[in-house]
Amino acid sequence: MTKVLKINKGVEEGVKEVLKFLLENERVKGVFTLRKTGRNGAVTYALVKDPSEIDNCVPLYPLMPINAAKSLSTLTLRESLSESIALFVRPCELRAFVELVKLQQGSLENMLILSSTCGGVYPLKMAVTNNTDRNLEKYWTTLRAMEIPSDIRPTCKGCEHFLPYNSDMTLISIGKDIDKSCHVVLNTKKAEESLRGIEEEISDGELVAEDMESLRKRRISEREKLFSDLKTEDFGLDGLIDLHGKCIGCHGCSSVCPICYCRLCFFDSEVNDPGFSSYEGEMRKRGGIRVPPKTIFYHLGRLSHVGISCVGCGSCSDVCPVDIPLSTIFLKIGNAIQGTYGYLPGKDLDEKIPLQTFEEEELAKFEQ
Amino acid sequence: MEEKFVPKIVGFVCSWCSSAGADVAGSAQLNVPSSFIPISVMCSSRVDPALILAAFLRGADGVLVAGCRPRDCHYENGNYYARRRFALVKNIIKSLGLEPERLRLSWIHGSEGQRFADVVTQFAEHVKGLGPNPARKRIDL
Amino acid sequence: MTKGAVIPKKGTTEKAILDFIKDAWEKNCFDSLLIPVEIPSGDSYTYLLIQDPSLIENASPLPPITSVQGARAISSITRKGKVTKRIAAIMRPCEIKAGVELHKLEQADLENVVLISVDCPGALPLSDYVPDSKTGKEKFLKVLKEWGGESVRPVCKTCLHFGAELGDLHIATLGDENSIYLIPNSDKGKEMLRSLGISAEENLSAWDTRISEIKKKKEENKKKSEQQLESEVLGLEKLLETFNKCIGCHNCMRACPICYCASCYFDSDNTEHDGTDYLDRAENKGALKFPCDTLFFHLGRMSHMSLSCLGCGSCEDACPMSIPVAQLFSFVGQKNQELFGYLPGMDKEEKVPLVVYKEKEFEEFEDSH
Numbered sequence: 019m020t021k022v023l024k025i026n027k028g029v030e031e032g033v034k035e036v037l038k039f040l041l042e043n044e045r046v047k048g049v050f051t052l053r054k055t056g057r058n059g060a061v062t063y064a065l066v067k068d069p070s071e072i073d074n075c076v077p078l079y080p081l082m083p084i085n086a087a088k089s090l091s092t093l094t095l096r097e098s099l100s101e102s103i104a105l106f107v108r109p110c111e112l113r114a115f116v117e118l119v120k121l122q123q124g125s126l127e128n129m130l131i132l133s134s135t136c137g138g139v140y141p142l143k144m145a146v147t148n149n150t151d152r153n154l155e156k157y158w159t160t161l162r163a164m165e166i167p168s169d170i171r172p173t174c175k176g177c178e179h180f181l182p183y184n185s186d187m188t189l190i191s192i193g194k195d196i197d198k199s200c201h202v203v204l205n206t207k208k209a210e211e212s213l214r215g216i217e218e219e220i221s222d223g224e225l226v227a228e229d230m231e232s233l234r235k236r237r238i239s240e241r242e243k244l245f246s247d248l249k250t251e252d253f254g255l256d257g258l259i260d261l262h263g264k265c266i267g268c269h270g271c272s273s274v275c276p277i278c279y280c281r282l283c284f285f286d287s288e289v290n291d292p293g294f295s296s297y298e299g300e301m302r303k304r305g306g307i308r309v310p311p312k313t314i315f316y317h318l319g320r321l322s323h324v325g326i327s328c329v330g331c332g333s334c335s336d337v338c339p340v341d342i343p344l345s346t347i348f349l350k351i352g353n354a355i356q357g358t359y360g361y362l363p364g365k366d367l368d369e370k371i372p373l374q375t376f377e378e379e380e381l382a383k384f385e386q
Numbered sequence: 100m101e102e103k104f105v106p107k108i109v110g111f112v113c114s115w116c117s118s119a120g121a122d123v124a125g126s127a128q129l130n131v132p133s134s135f136i137p138i139s140v141m142c143s144s145r146v147d148p149a150l151i152l153a154a155f156l157r158g159a160d161g162v163l164v165a166g167c168r169p170r171d172c173h174y175e176n177g178n179y180y181a182r183r184r185f186a187l188v189k190n191i192i193k194s195l196g197l198e199p200e201r202l203r204l205s206w207i208h209g210s211e212g213q214r215f216a217d218v219v220t221q222f223a224e225h226v227k228g229l230g231p232n233p234a235r236k237r238i239d240l
Numbered sequence: 173m174t175k176g177a178v179i180p181k182k183g184t185t186e187k188a189i190l191d192f193i194k195d196a197w198e199k200n201c202f203d204s205l206l207i208p209v210e211i212p213s214g215d216s217y218t219y220l221l222i223q224d225p226s227l228i229e230n231a232s233p234l235p236p237i238t239s240v241q242g243a244r245a246i247s248s249i250t251r252k253g254k255v256t257k258r259i260a261a262i263m264r265p266c267e268i269k270a271g272v273e274l275h276k277l278e279q280a281d282l283e284n285v286v287l288i289s290v291d292c293p294g295a296l297p298l299s300d301y302v303p304d305s306k307t308g309k310e311k312f313l314k315v316l317k318e319w320g321g322e323s324v325r326p327v328c329k330t331c332l333h334f335g336a337e338l339g340d341l342h343i344a345t346l347g348d349e350n351s352i353y354l355i356p357n358s359d360k361g362k363e364m365l366r367s368l369g370i371s372a373e374e375n376l377s378a379w380d381t382r383i384s385e386i387k388k389k390k391e392e393n394k395k396k397s398e399q400q401l402e403s404e405v406l407g408l409e410k411l412l413e414t415f416n417k418c419i420g421c422h423n424c425m426r427a428c429p430i431c432y433c434a435s436c437y438f439d440s441d442n443t444e445h446d447g448t449d450y451l452d453r454a455e456n457k458g459a460l461k462f463p464c465d466t467l468f469f470h471l472g473r474m475s476h477m478s479l480s481c482l483g484c485g486s487c488e489d490a491c492p493m494s495i496p497v498a499q500l501f502s503f504v505g506q507k508n509q510e511l512f513g514y515l516p517g518m519d520k521e522e523k524v525p526l527v528v529y530k531e532k533e534f535e536e537f538e539d540s541h
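Sequence order for the protein chains is A, B and C. Quick note on numbering: the first sequence equals residues 19 to 386 in my numbering. Quick note on numbering: the second sequence equals residues 100 to 240 in my numbering. Quick note on numbering: the third sequence equals residues 173 to 541 in my numbering.
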């Protein structure tokens with residue numbers, strides 16, 4: 019039976035109290051969470067060591083400036099953490115990091131993982147116009163009503179995996195009393211140990227998934243709508259070109275994607291670099307060729323490389339300078355690829371990524 | 100009690116002339132501030148402007164590039180290129196309203212032990228007057 | 173007094189330019205053409221390298237936006253392998269200049285390329301045009317009529333090389349309602365006109381006058397913009413505020429034509445550290461922002477490319493957080509170019525300042541008692 023910590027404060031204040039407690043009592047040596055920076059209120063992740071800095075933190079701020087998995091990989095790529103830190107990240111960021119760990123791009127060692135029942139984040143454009151703060155009240159009212167905020171990222175609206183896997187603690191951040199009381203489910207003994215001595219109520223209890231079930235069903239129906247609105251099955255070459263034609267080849271999507279970890283991407287490498295004779299050949303065949311070439315090749319190629327691990331965080335769509343709905347495409351096709359193996363990226367650390375393993379007998383329908 | 104400010108100087112010191120100068124300074128037991136952190140490079144031209152920026156933005160109170168005097172470069176002309184790169188990065192810092200005074204380029208001959216000690220001491224004094232580099236404490240850099 | 177050829181228009185300016193191109197093509201002045209073409213969905217443009225002249229139908233020598241910086245296109249075609257066909261490339265002056273810089277940096281081979289520039293009033297921001305290209309096209313017509321105005325990108329408002337004499341051939345559209353002017357700037361350009369039997373000896377005083385009028389206005393804009401930068405962006409505090417929304421996507425670097433490294437220094441192993449390094453830095457400061465080293469990336473990129481910065485604005489177009497990178501980079505770029513007495517993109521035989529030196533120079537930067 020798990021335990022539940024109850025603090026008589028709103029969720030944001032409650033989770034800050036937990037993080038401060040962990041740091042002040044040296045249960046961890048650092049805290050990784052969202053922090054407000056500067057006078058114009060930009061929000062970024064930060065590794066916090068000084069407990070007083072927690073006052074500037076905003077763990078539940080509905081923005082994802084970077085998928086935290088990338089930063090966690092940066093921290094642990096060469097070696098696992100030498101001292102323990104607590105992190106507060108979203109379920110999809112945690113799943114992406116688990117995928118990266120499977121790909122040997124990071125380590126979970128010495129991490130105390132806190133996450134929440136995620137209500138979704140706003141697109142980065144909202145931060146550009148400094149509008150996120152203005153929407154905060156509406157955002158929290160909507161979460162109290164267990165509804166879906168209307169302007170969050172499309173992939174957030176359709177996300178059914180908003181209950182974190184693999185967290186030591188799960189903050190209940192959706193529900194009618196979140197402005198008054200903060201419930202943190204302690205999933206592991208490690209979590210219980212870390213809070214030893216906290217002057218707050220800890221009792222037996224668990225996260226009741228049924229409470230979230232109606233919201234989950236609504237999210238699934240949003241996802242179905244999102245996927246059916248973008249009729250990828252009807253695209254064909256013309257549809258693909260229509261959608262990706264405005265791509266400027268900045269490869270920002272690859273740059274922000276947590277799963278895209280290659281230091282030198284195949285599509286940026288010498289192997290993929292055309293050279294004039296290649297241009298000449300293509301011009302002769304087709305009469306003309308787009309420059310730089312191979313735009314669709316890049317997108318479909320990237321999809322074939324990372325689709326199996328796509329968690330649908332939505333960072334790619336946000337970074338695209340010409341608003342190609344990449345995250346919808348990647349999530350939709352990614353889901354289809356994952357479905358072939360009944361695989362959910364980032365759920366189970368011990369489950370290999372399907373392309374890293376095989377069965378002797380399988381996928382007979384693809385053989386001829 | 101007020102903490103006495105001891106400036107941290109990062110020095111990119113070329114292996115041929117300037118390091119030799121440093122050796123002479125050391126063997127003659129000349130006074131060199133212990134807050135000087137030398138980084139040995141084969142030639143001052145190895146110093147990519149990005150390295151100077153890295154030291155500066157990490158919070159070094161002063162960044163020194165020390166190389167052979169023009170005409171004395173072990174590789175013939177590395178120091179000429181180094182001078183241009185240094186001018187470029189100092190100009191960037193100046194144009195952005197940051198503190199160009201924290202960057203210095205000095206030519207030191209291998210036998211000039213006293214000069215080496217003097218350069219570092221004078222630079223440290225100069226930087227002390229500027230106070231600690233505000234970049235060191237900035238969380239959002 | 174600039175001299176060139178006066179070609180009467182039969183229809184729109186764009187038609188006149190395309191007619192000249194078609195004529196030159198038919199008369200074998202070049203084998204293939206690199207030109208912006210509207211994409212099938214109608215909301216943007218792309219460069220096409222065309223061998224088949226019929227594909228010129230949806231081409232636009234001066235589109236409302238710059239989606240891919242033209243120099244990136246030139247580099248992609250000519251960087252690798254021997255260029256065995258003659259290519260005519262028609263694009264904005266800043267794209268031509270970037271192409272010349274890339275040639276100096278051995279990232280493009282201009283030997284078999286004829287560079288054709290066009291008088292440019294500026295381009296609309298990418299994020300203004302793409303979501304609603306219908307309105308975008310109307311805005312651009314206004315931009316052409318007013319020759320600039322409020323809707324062009326900030327760097328375009330202060331650009332002084334919009335009608336410059338660079339590249340091989342310049343097509344002037346200002347100065348005369350009824351004609352376009354062809355101004356050859358190199359032997360290649362002169363040879364092209366000669367082979368077409370076009371004399372380039374007319375005095376283009378109307379153009380000269382118009383250009384200096386507009387230049388004066390742009391110079392005023394430039395002064396204002398520098399004052400604004402100085403009060404809003406310069407100094408450590410304000411610089412950090414400007415960049416605190418930066419998410420480290422590096423779109424700016426990839427969109428930049430001058431940033432050609434396939435694997436950027438700032439994405440490489442050199443900027444990857446042990447976990448203890450981050451933990452120590454966080455300890456020293458109380459906290460450490462992630463991703464870290466944001467200012468290091470931007471200042472470092474400046475130190476690597478600013479001598480060749482043309483102020484083309486592609487970086488700012490690509491930034492998802494609307495940070496004024498182009499304005500800042502072109503400001504610092506100009507300060508550095510002044511220091512070195514260097515004007516990028518003009519002469520492809522001229523070396524970039526960091527690969528040459530003088531025995532005595534920059535004495536104000538060295539300490540050498």
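By construction, the Cβ of each residue, glycine as well, lies at the ideal position given by its N, Cα and C atoms.
Do you know whose CA, among the options, lies nearest residue i's CA?
i: residue 362 of chain A; options: A:179, A:96 and A:167; result: A:179
i: residue 222 of chain C; options: C:240, C:197, C:243 and C:509; result: C:197
i: residue 161 of chain B; options: B:231, B:108 and B:228; result: B:108
i: residue 183 of chain A; options: A:378, A:257, A:255 and A:367; result: A:367
i: residue 505 of chain C; options: C:530, C:185 and C:472; result: C:472
i: residue 119 of chain B; options: B:134, B:214, B:195 and B:203; result: B:214
i: residue 205 of chain C; options: C:216, C:215 and C:224; result: C:224
i: residue 239 of chain B; options: A:315, A:106, A:66 and A:21; result: A:66
i: residue 78 of chain A; options: A:95, A:91 and A:37; result: A:37
i: residue 357 of chain C; options: C:540, C:177 and C:538; result: C:177
i: residue 401 of chain A; options: C:500, C:352, C:391 and C:203; result: Not covered by the structure: residue 401 of chain A. The range shown for chain A is 19 to 386.
i: residue 260 of chain A; options: A:341, A:86 and A:282; result: A:341
Quick one: what's got a C-beta closer than 8 Å to residue i's C-beta in the same chain, skipping five residues either side?
i: residue 187 of chain C; result: 181
Within 10 Å of its beta-carbon, does residue i have 16 or more other beta-carbons around it, so buried, or fewer, so exposed?
i: residue 287 of chain A; result: exposed
i: residue 100 of chain B; result: With a pLDDT of only 44 at residue 100 of chain B, under 50, the local geometry of the prediction cannot be trusted, and no value is derived from it.
i: residue 377 of chain C; result: exposed
i: residue 136 of chain B; result: exposed
i: residue 226 of chain C; result: exposed
i: residue 569 of chain C; result: The structure shown does not extend to residue 569 of chain C, since chain C is modelled only from 173 through 541, so no value can be given for it.
i: residue 366 of chain C; result: exposed
i: residue 199 of chain C; result: exposed
i: residue 347 of chain A; result: buried
Below 6 Å CB to CB, which residues in the same chain sit around residue i once its five sequence neighbours on both sides are set aside?
i: residue 228 of chain A; result: none
i: residue 498 of chain C; result: 327, 485, 487 and 488
i: residue 242 of chain C; result: 263 and 267
Would you verify that the beta carbon of residue i is, or is not, closer than 9 Å to some beta carbon of chain B?
i: residue 437 of chain C; result: yes
i: residue 240 of chain A; result: no
i: residue 64 of chain A; result: yes
i: residue 299 of chain C; result: no
9 Å is my cut-off, CB to CB: does residue i come that close to chain A?
i: residue 160 of chain B; result: no
Tell me which same chain residues have a C-beta within less than 7 Å of the C-beta of residue i, skipping the five on either side of it?
i: residue 222 of chain B; result: 108, 161, 163 and 203
Does residue i come within less than 9 Å of chain C when only Cβ atoms are used?
i: residue 337 of chain A; result: yes
Name, going along the chain, the residues of the stretch 208 to 228 of chain C whose beta-carbon falls closer than 7 Å to a beta-carbon of chain A. 211, 212, 213, 215, 216, 218, 219, 220, 221, 222, 223, 224 and 227
So if I threshold CB-CB distances at 9 Å, which residues from the stretch 285 to 308 of chain A count as touching chain C? 286, 287, 288, 291, 292, 293, 294, 295, 296, 297, 298, 300, 301, 302, 304, 305, 306, 307 and 308
Members of the stretch 472 to 497 of chain C near chain A, C-beta cut-off 8 Å: 489, 490, 491, 492, 493 and 494
For the stretch 405 to 420 of chain C, list every residue whose C-beta sits within 7 Å of some C-beta in chain B, in sequence order. 406, 407, 408, 411, 412 and 416
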